[in-house]
Amino acid sequence: MNNYRINIMVCGGTGCLASEGDKVIKNLELILKDRGYDKEVQVVKTGCFGFCEQGPIIKIHPDNVFYVKVKPQDAKEIIDEHIIKGRKVERLLYEEPNMKKKIQEHENMPFYQKQLRIALRNCGLVNPEDIHEYIAFDGYAALGKVLTKMTPDEVIEEIQESGLRGRGGGGFPTGLKWKFTRQSESDQKYIICNADEGDPGAFMDRSILEGDPHSVLEAMAIAGYAIGADFGYIYIRAEYPLAIERLNVAIKQARETGLLGKDIFGTGFNFDIDIKYGAGAFVCGEETALIHSLEGKRGEPTYKPPYPAESGYKGMPTSVNNVETFANIPPIILKGAKWFSSIGSEKSKGTKVFALAGKVNNVGLVEVPMGITLREIIYDIGGGIQHGKKFKAVQTGGPSGGVITEKDLDTPIDYESLMGIGSMMGSGGMIVMDEDNCMVNIAKFYLEFTMEESCGRCTPCRVGTKRMYEILQKITDGEGSMDDLQNLKELSHMIKGSSLCGLGQTAPNPVLSTMNFFWDEYLAHVKDKHCPTGECSGLAKYKIIPEKCVGCTACARVCPVDCIEGEVKKEHVIDESRCIKCGACFNTCKFSAIVKP
Numbered sequence: 115m116n117n118y119r120i121n122i123m124v125c126g127g128t129g130c131l132a133s134e135g136d137k138v139i140k141n142l143e144l145i146l147k148d149r150g151y152d153k154e155v156q157v158v159k160t161g162c163f164g165f166c167e168q169g170p171i172i173k174i175h176p177d178n179v180f181y182v183k184v185k186p187q188d189a190k191e192i193i194d195e196h197i198i199k200g201r202k203v204e205r206l207l208y209e210e211p212n213m214k215k216k217i218q219e220h221e222n223m224p225f226y227q228k229q230l231r232i233a234l235r236n237c238g239l240v241n242p243e244d245i246h247e248y249i250a251f252d253g254y255a256a257l258g259k260v261l262t263k264m265t266p267d268e269v270i271e272e273i274q275e276s277g278l279r280g281r282g283g284g285g286f287p288t289g290l291k292w293k294f295t296r297q298s299e300s301d302q303k304y305i306i307c308n309a310d311e312g313d314p315g316a317f318m319d320r321s322i323l324e325g326d327p328h329s330v331l332e333a334m335a336i337a338g339y340a341i342g343a344d345f346g347y348i349y350i351r352a353e354y355p356l357a358i359e360r361l362n363v364a365i366k367q368a369r370e371t372g373l374l375g376k377d378i379f380g381t382g383f384n385f386d387i388d389i390k391y392g393a394g395a396f397v398c399g400e401e402t403a404l405i406h407s408l409e410g411k412r413g414e415p416t417y418k419p420p421y422p423a424e425s426g427y428k429g430m431p432t433s434v435n436n437v438e439t440f441a442n443i444p445p446i447i448l449k450g451a452k453w454f455s456s457i458g459s460e461k462s463k464g465t466k467v468f469a470l471a472g473k474v475n476n477v478g479l480v481e482v483p484m485g486i487t488l489r490e491i492i493y494d495i496g497g498g499i500q501h502g503k504k505f506k507a508v509q510t511g512g513p514s515g516g517v518i519t520e521k522d523l524d525t526p527i528d529y530e531s532l533m534g535i536g537s538m539m540g541s542g543g544m545i546v547m548d549e550d551n552c553m554v555n556i557a558k559f560y561l562e563f564t565m566e567e568s569c570g571r572c573t574p575c576r577v578g579t580k581r582m583y584e585i586l587q588k589i590t591d592g593e594g595s596m597d598d599l600q601n602l603k604e605l606s607h608m609i610k611g612s613s614l615c616g617l618g619q620t621a622p623n624p625v626l627s628t629m630n631f632f633w634d635e636y637l638a639h640v641k642d643k644h645c646p647t648g649e650c651s652g653l654a655k656y657k658i659i660p661e662k663c664v665g666c667t668a669c670a671r672v673c674p675v676d677c678i679e680g681e682v683k684k685e686h687v688i689d690e691s692r693c694i695k696c697g698a699c700f701n702t703c704k705f706s707a708i709v710k711p
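In our numbering, each number is its position in the sequence shown, counted from 1, plus 114.
In structure tokens:
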């Protein structure tokens, strides 16, 4: 094995690879070989560093230099200047926008300073396709500990004492779920990893599987030992090809190394894992629907009880846990329940991974201690709102959650606090909105998603969400009435109270929360037939400001219905009776002469 003096760590997550990260890796390797340094310097494809806004990202060890927004053509300068001559490439260092200061070490960047990586501890640190690198960072040591030094009951007790709760959205105590499954008598039991991440804008589980797949495999084996299962399934959506590829590599390597399969660590414990693909149905994030899909049936939920812990896959006791939940297990076993429970709030222990997206400067993957406030995430870690715009709301919990406004930004992030202000933790999606977002349109977006994702089994969800969407469509088209608003509220409460599973029960949340906090916007759409943000094209009224119009004719040339009149170098006018409100003229005008009053 070569002893490299320098390691060039390159983000190999989906986001960076989509921005030509793979070409960066290829160029680095080619130039190193051409310069004769390929035996001294190693290029390592890692998992996600988290700072997606700045990708592709390179970190050079042991220099601890962090380069951002690296392009394939930058590879030559990095090798020639940094690797060979020992001079940092200043232009590729991250620049803190407020102080206009270049920062070399990622630990000193505001984006990372309030983060604490437990589930993401190895992402960006190890090559996810090399089991030996995982082992070098205490990989499979937790499995070895439980198999040689702990009883199944002691493992469950340790997880219970840690306070770890399910990170898939429900927040059910993990140790308690394992305990119930262990207590169920059966000759066969199963462990299932729920990797069916379906929330819009969410990519937490995908990044863990792409960057640290062995942590999930190890945790599943530990869970299997604890509940008495010898087989596990990873249920993952087929739209995650890179995560699937790396999981397959990891499973193969673990089997070859004797860490999966028969007689692990010579203890007589057997455990193996297989991968099953989902077709991308959001409802299959619900555990009973997931199990049905795994069995080859329609992905529909069923009434509970019985719970999967009693009767799950093939009617056998089954424990279903989320990817992020599993990623927390090995460090809890190695460092102890007290260590983990010392992090977070009173009822929500540990950390939570969030996919921070939307109108925020620092889009990316963040892992923070429970109890941190939304304001800290959005402004300290996220860098505030893009283009100096005013913050309007943040949606947590995806389609099942609700909007949170300025007055609640100092709310600590934990399961109970978010529920108390009308939202929820969910799996970890966090979408930030600014003054240009129409909240009625936001509610319609999320409801359209849940309407299309409904499995159709129960009438309240199947029909109710469709009727709600139709009402919202009327409102955003300028055809809504006050009766529609009343019907929208009544339908929301009826669907919440009578739907079979969590998808239907939470589908009205975005509507109810936006009606609660932004009632004036709903009234403007219904009474004034006006969208305050101009985002709803059906209510837009485009007008040309005479003083700004230079008569360039650009707007008239792109209008699909020829409703703009005027001569060259003279003021133009929009015939509103013929305007279809497509926005083509607004987007084309370079002189800001067209407005949406």
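Every residue gets a Cβ at the ideal spot worked out from N, C-alpha and C, and that includes glycine.
None of these values were measured; they are calculated from a predicted model.
Report the three-state DSSP secondary structure of residue i (helix, strand or coil).
i	result
Thr525	coil
Tyr421	coil
Met334	helix
Ser433	strand
Arg351	strand
Met318	helix
Val397	helix
Lys655	coil
Ala707	coil
Thr487	strand
Met115	Residue confidence for Met115 is low, a pLDDT of 44 falling below 50, so the modelled location carries little weight; the figure read from the coordinates is stated next. Three-state DSSP puts Met115 in coil, outside helix and strand.
Leu470	strand
Leu207	strand
Pro186	helix
Ile535	coil
Ile566	The residue you asked about is not Ile; residue 566 is Glu in the sequence shown. Helix, per DSSP.
Asn222	helix
Phe559	helix
Tyr254	coil
Phe454	helix
Asp642	coil
Tyr729	Lying outside 115 to 711, the shown extent of the chain, residue 729 is not represented and no answer is given.
Using a 10 Å radius around the Cβ and a threshold of 16 neighbouring Cβ atoms, would you call residue i buried or exposed?
i	result
Ala393	exposed
Tyr417	exposed
Ala250	exposed
Lys69	Residue numbering for the chain in the displayed model covers 115 to 711; residue 69 lies beyond these limits and cannot be assessed.
Glu400	buried
Met740	Given a span of 115 to 711 for the chain in the structure shown, any question on residue 740 remains unanswerable.
Ala712	The question about residue 712 has no answer here: the residues shown for the chain are numbered 115 through 711.
Leu637	exposed
His220	buried
Gln229	buried
Thr381	exposed
Phe705	exposed
Lys432	Per the sequence shown, the amino acid found at residue 432 is Thr instead of Lys. Thr432 comes out buried.
Gln509	buried
Quick one: what's got a C-beta closer than 8 Å to residue i's C-beta in the same chain, skipping five residues either side?
i	result
Ile336	Ala256, Leu257, Val260, Val269, Ile443, Pro444 and Ile447
Val397	Ala403, Gly413, Glu414, Pro415, Glu567, Ser568, Cys569, Cys615 and Leu617
For residue i, which option in the options has the closest C-alpha, if you only look at C-alpha atoms?
i	options	result
Leu605	Phe563, Pro624, Lys291 and Gly578	Gly578
Val155	Met484, Glu143 and Glu490	Glu143
Lys521	Pro513, Phe505, Asp528 and Tyr529	Phe505
Gly516	Arg320, Met547, Ile341 and Lys473	Met547
Ser455	Ser531, Pro224, Ser300 and Pro287	Pro287
Lys588	Pro574, Lys643 and Pro314	Lys643
Met544	Ala469, Arg581 and Lys580	Ala469
Gly284	Leu532, Glu635 and Lys657	Leu532
Beta-carbon within less than 7 Å of residue i's beta-carbon, same chain only, minus the 5 sequence neighbours each way: which residues are those?
i	result
Asp188	Leu206
Tyr118	Glu154, Val155 and Gln156
Gln302	Met430
Thr702	Ala668, Cys669 and Val672
Cys677	Ile688, Asp689, Arg692 and Cys693
Only counting the same chain, and skipping five residues up and downstream in sequence, which positions put a Cβ closer than 6 Å to that of residue i?
i	result
Glu195	Arg201 and Val203
Gln619	Lys610 and Ser613
Ser511	The sequence shown places Gly at residue 511, rather than the Ser named in the question. Cβ within range, chain order: Ser537, Met538 and Gly540.
Met123	Val158, Thr160 and Lys173
Asn121	Gln156, Val158 and His175
Glu679	Val687
Phe632	Met553
Exercise for the section: Evaluate contact between the stretch 133-151 and the stretch 374-385, counting only Cβ atoms and requiring at least three cross-stretch pairs below 8 Å. Expected result: no
Exercise for the section: Inspect the CB distances between the stretch 230-242 and the stretch 474-481 and report whether three or more fall short of 8 Å. Expected result: yes
Exercise for the section: Take every Cβ of the stretch 238-249, pair it with every Cβ of the stretch 492-504, and state whether three or more of those distances are shorter than 8 Å. Expected result: no
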